[in-house]
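Number of protein chains: 2
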Amino acid sequence: MPDEDPPGTPRVDFQVHPSRYRHWRLATDGPVATLTMDVDEQGGLVPGYELKLNSYDLGVDIELYDAVQRLRFSHPEVRAVVLTSGKEKVFCAGANIRMLAASPHPWKVNFCKFTNETRNGIEDATASSGQTYLAAVNGTASGGGYELALACEHIMLIDDRSSAVALPELPLLGVLPGTGGLTRVTDKRHVRRDLADYFATKSEGVGGTRAVQWRLVDEAVPRAVWPQTVAERAAELAGRSSRPAGVLAQGIELTPLPKTRTGAQITYRHVSARLDRQRGVVEVTVKGPDTEAPGGIAEVHQQGAGFWTLAMTRELDDLILDLRTNELELGTWVFRAVGDPGLVLAHDRLLLDHADDWLANEIIGYLKRTLKRLDVTSRSLLALIEPGSCFAGSLLELALAADRSYQLAGTFEDQEPEAEPATVTVGPMNLGSLPMGNGLTRLQTRYLGDDKGLAAVEKLAGEPLRAEDAERLGLVTFAPDDIDWDEEVRITIEERASFSPDALSGMEANYRFAGPETMETKIFGRLTAWQNWIFNRPNAAGAEGALRRFGTGQRAHFDRKRV
Amino acid sequence: MPDEDPPGTPRVDFQVHPSRYRHWRLATDGPVATLTMDVDEQGGLVPGYELKLNSYDLGVDIELYDAVQRLRFSHPEVRAVVLTSGKEKVFCAGANIRMLAASPHPWKVNFCKFTNETRNGIEDATASSGQTYLAAVNGTASGGGYELALACEHIMLIDDRSSAVALPELPLLGVLPGTGGLTRVTDKRHVRRDLADYFATKSEGVGGTRAVQWRLVDEAVPRAVWPQTVAERAAELAGRSSRPAGVLAQGIELTPLPKTRTGAQITYRHVSARLDRQRGVVEVTVKGPDTEAPGGIAEVHQQGAGFWTLAMTRELDDLILDLRTNELELGTWVFRAVGDPGLVLAHDRLLLDHADDWLANEIIGYLKRTLKRLDVTSRSLLALIEPGSCFAGSLLELALAADRSYQLAGTFEDQEPEAEPATVTVGPMNLGSLPMGNGLTRLQTRYLGDDKGLAAVEKLAGEPLRAEDAERLGLVTFAPDDIDWDEEVRITIEERASFSPDALSGMEANYRFAGPETMETKIFGRLTAWQNWIFNRPNAAGAEGALRRFGTGQRAHFDRKRV
């Protein structure tokens, strides 16, 4: 049944629209937006649990991701975003425990990964888009609820003698906070490590003055002055924003994606994917622009979601999320890029020439985040660079993100002997605008400790490089010719499918994040990895483990051995 | 049976002497030492496997650790160390697979941790002691064998058309290299990440010119000129050393530790530990010096292994290793320090005043490494600061390494109402000589992002601080008085024992390494953590997993889901 889904898997759809939100309300009032979490208890993505106390599952977080994206693209007038709760006495209880307890291991890890990406996106909106997030914690924020607040620039906690912030995962569930809580507490908020230890062992959390003294929140505000203080603080943060005002501050609509999907094929306008269940492979093809770049930035605004870079990025983003969540057994993704390299570079140039335009800034930033999503994806990534391909500038990043790249030397003699040999082209977009989570560009990571190699490649920016040169310069991994190509590519793909998928996940994550670490890489590295282990251990996930026993009235049984 | 060992556990002893080595030969010739690995196949620490092809188990690595230590303390004339193999055609096949396959999960992880520490110690000897390690890879170096070479400053590979370096863990065993291989390949040797990917998927490895081109080794040397080239290179590295020559370059003997051990008590001269199996607690007491500090550095040399700081450090190091390996269920270590803070500070001062003396440098460096060993130990660490304690200078590091510290405010009224209240004292030893793996001092890590707090504490260096001041300054976690002390300490310890040990391991490791990351923290964080997960997965450790199926002729069966 190559055309059908594997049975029994509910397929998750990441496309949503504010008009269909079940769990969030998005309201804007001039420069201040308010994003109100009001989770529909009956609105779980999968049957079997109720989303009580503003707890969330993947469906809730998909809406949050959508809201954050739309605020950036459709509401450029917004300079501060108040994140608050629509419930009485509770801000957010974090990830739903029954959902976690009932979920298979990969679902838990994928869920954590996506929620992490969304929270990183909130921080990125504050840092790069002048949309500063304010957590108005109007009730207890627990676990993932507090971690959501931690992603905001400023945390206000209502001071009513009962509301608190808490990370109760360890004492209640025998797991760690899954969305950066431990790292942000020390590295972002600078809570002292021993106080942080105490905090993470108290399921009831810490509130009031003590929460401020320990830097867990920025201020504790009495209920009587809550609404006006929130409004004041939002106005202050909006006043500090770098967002431009003026004629071009008209938002664009993120229109529905032109997506068709079967069990064997996912097709958008610029991106398509063939799902080969036999080989465990997805063959992704990204098409370059089919038209000239617009004459100026105003035209980019007019094209809106139709502008190639934005349209392609949205499609790629959706594809990554779809495959990552719905196609766990397709372990190797093979990327091809087809089209005219010159058109890609022209689109890049237009964006970079107008990097101070809010929309150009958003498009580049979105491409940056989407490529980061690829970097943390636990799949083997290969790039095949063939005649007719357009791995140039922003699309070259796909090859640089890949674990390996193969560029054909010469042409396919049987098929098109007269074709121009494939080239790769470094462009200005590769030189700083699309950093990885480690703070380096993919080129810098590639040439870690090899400044000479990096300089040689940078000097050739703009030059189309054939396979022999690209290999010599270190831009591609291998450059087989026509005679060896099929065999070499086939063996690589088959070999990949023969290896332990766990060991591949570990190895690839190691190599992709060579070099320095940042809060972001620490969060993914430590939490996804350590949590990965903890999620798998009987002490959490076993029949007598804390995660499974939660709420049953029975205590968890632990194997006490320390590892 | 509180006095006896839990049944069925072979107790590992970390004390060894070159005269009893079964697996290594240590020879010195002026400034060059040669450390020859020649593993006794029948010399496994645990029955059930043969140590073929210079493969190693914990017992082999304990000897290596001993040799590295003795080179530092007993052979100050040595400036370069050649690490080579005594076998034909094989340098080292890495960790013994049958040993790994048969070992329970905690053993595997503890084994990796210790071998990592030993390799970090080799790098530290190169960096801090002017004893530069040269890997003379005179046959294939595979897995942990290549990782051993990676810990050396310079790698020479014999070029004989068959010898290669390899990391075959992923293709053969479905696990990752366990001692920093993936991290050192990219971050230390700057192998390009896609080539590193290819390399780690080829079980046969890479040899000859290609290994040099890819930077996997520094040179490939034909067999005909091998001995003289190794000798030349060793002489060059020795010539670059910063080790002092001259009258004081007489080594000291690391005499046998005065250790007695039962199932309930471990006693050395300055360090003792009470093992409370009921509560899952070890109560460690470190005694300060009982004599004045020597009058000068010459007397330190005379005292040798009897000099307090060195003697205490050796005992602490052995205790950590003993407890970590042999007492997995004792999850909380409680530290007390008793004695005269002034004497600790005087010993510190003597060492720091002579930091350019080779022995003083070694003693400080050993204390640094021992405290790092504590930092990466998966146990809850508490410090109790009571009247009569001496948490000052180097011993204050124990409180700073702890996850939490409790300092008694006032005295124990029932016991000794007239006692001087407990104090803690920051000394010069806390201000830079004992960095953690993250490159920061424990004080800097504690005051991460709080420069004012750090400056305030540094300004009070030398002042004994009572509980109220120490708490206010953030030097200790809590300062309960006599009335609350017992209850608060008891609850903390009981609570710790009630939590999931896995989640505690994850949380503590997160908080201990707040702030920046280094190659060292990456190695421990990524490999111990990711490997922890991979080691636990059925794809490696299950009955049909790669680790268990290795050598059976049967292929591993993998669950192909990517996580």
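In order, the protein sequences belong to chains E and X.
Numbered as in this note's numbering, the first sequence ends at 630 without a single skipped number.
Numbered as in this note's numbering, the second sequence ends at 630 without a single skipped number.
We put the CB at the ideal spot given by N, CA and C, even for glycine.
Since this is a predicted model, take the numbers as computed values, not measurements.
Members of the stretch 447–471 of chain X that neighbour chain E once the beta carbon cut-off is set at 8 Å: A469, D470, R471
Bridge partners - E286/E, DSSP secondary structure assignment: M223/E
Burial state of E359/X, where buried means 16 or more other Cβ atoms lie within 10 Å: exposed
Between the CA atoms of E130/E and F545/E - distance to the nearest angstrom: 42 Å
CB contact below 8 Å: K519/X versus chain E: no
When R146/E, V288/E, G161/E, H221/E are compared against D98/E, the one with the closest alpha-carbon: Inspection of the sequence shows that residue 98/E is occupied by Pro rather than by Asp. Checked all of R146/E, V288/E, G161/E, H221/E; the closest Cα to P98/E is R146/E.
Helix, strand or coil at K255/X according to DSSP, with G and I counted as helix: helix
K651/E at chain X interface by Cβ criterion, 8 Å: This structure does not reach residue 651/E, given that chain E is present from 68 up to 630, and the question cannot be answered.
Any C-beta of chain E under 8 Å from that of R615/X: no
is_contact[H257/X, chain E] using C-beta, thresh 8 Å: yes
R341/X versus A331/X - alpha carbon distance: 6 Å
Contact belief for A316/E with E453/E at Cβ below 8 Å, rounded distance in angstroms: Not quite, the Cβ-Cβ distance comes to about 43 Å (not below 8 Å), so this is no contact.
Runs of beta strand (DSSP E) lying entirely within the stretch 156–222 of chain X, each at least 3 residues, in chain order: 157–159, 199–204, 207–209
Whole-Å CB distance - V348/X paired with T392/X, under 8 Å assumed: Rounded, the Cβ-Cβ distance is 18 Å, inconsistent with contact.
Assigned secondary structure, E350/E (DSSP; H/G/I helix, E/B strand, else coil): strand
Within-8 Å CB hit, R260/X to chain E: yes
I364/X at chain E interface by Cβ criterion, 8 Å: no
Stretch-stretch touch, CB-based, cutoff 8 Å, three pairs: the stretch 605–620 of chain X with the stretch 163–174 of chain X: yes
Three-way DSSP call (helix, strand, coil) for Q482/E in this model: coil
At least 3 beta-carbon pairs within less than 8 Å: the stretch 429–437 of chain E vs the stretch 190–199 of chain E: yes
Chain E contact for K589/X (CB, 8 Å cutoff): yes
Stretch-stretch touch, CB-based, cutoff 8 Å, three pairs: the stretch 573–581 of chain X with the stretch 232–250 of chain E: yes
Burial state of K175/E (16 or more Cβ within 10 Å): buried
Strand pairing of F402/X, partner residues [DSSP]: V351/X, A450/X
Per-residue burial, A466/X [other beta carbons within 10 Å of its own, 16 or more giving buried]: buried
Given 8 Å, three or more beta-carbon pairs between the stretch 361–368 of chain E and the stretch 411–429 of chain E: yes
Contacts around A610/X, its chain only, beta-carbon distance under 6 Å, and the 5 residues preceding and following it disregarded: none
Distance, E562/X Cα to E554/X Cα: 12 Å
The stretch 258–268 of chain X in contact with the stretch 105–120 of chain X per 3-pair CB rule at 8 Å: no
Strand pairing of M104/X, partner residues [DSSP]: W91/X, S152/X
Chain E within 8 Å of F625/X, Cβ atoms only: yes
Q136/E, buried or exposed, once every other Cβ within 10 Å from all chains shown has been counted against 16: buried
Member of E271/X, S565/X, E480/X whose CA lies at the smallest distance from the CA of A160/X: E271/X
Minimum Cβ-Cβ distance from R593/X to chain E less than 8 Å: yes
Residues from the stretch 182–204 of chain E in contact with chain X, defined by Cβ distance under 8 Å: none
C-alpha gap between V314/X and D424/X, whole angstroms: Any reading at V314/X must be qualified, since the residue scores a pLDDT of 49, below 50, and its modelled position is unreliable; the value itself is stated next. Looking at the two C-alpha atoms, the distance is approximately 11 Å.
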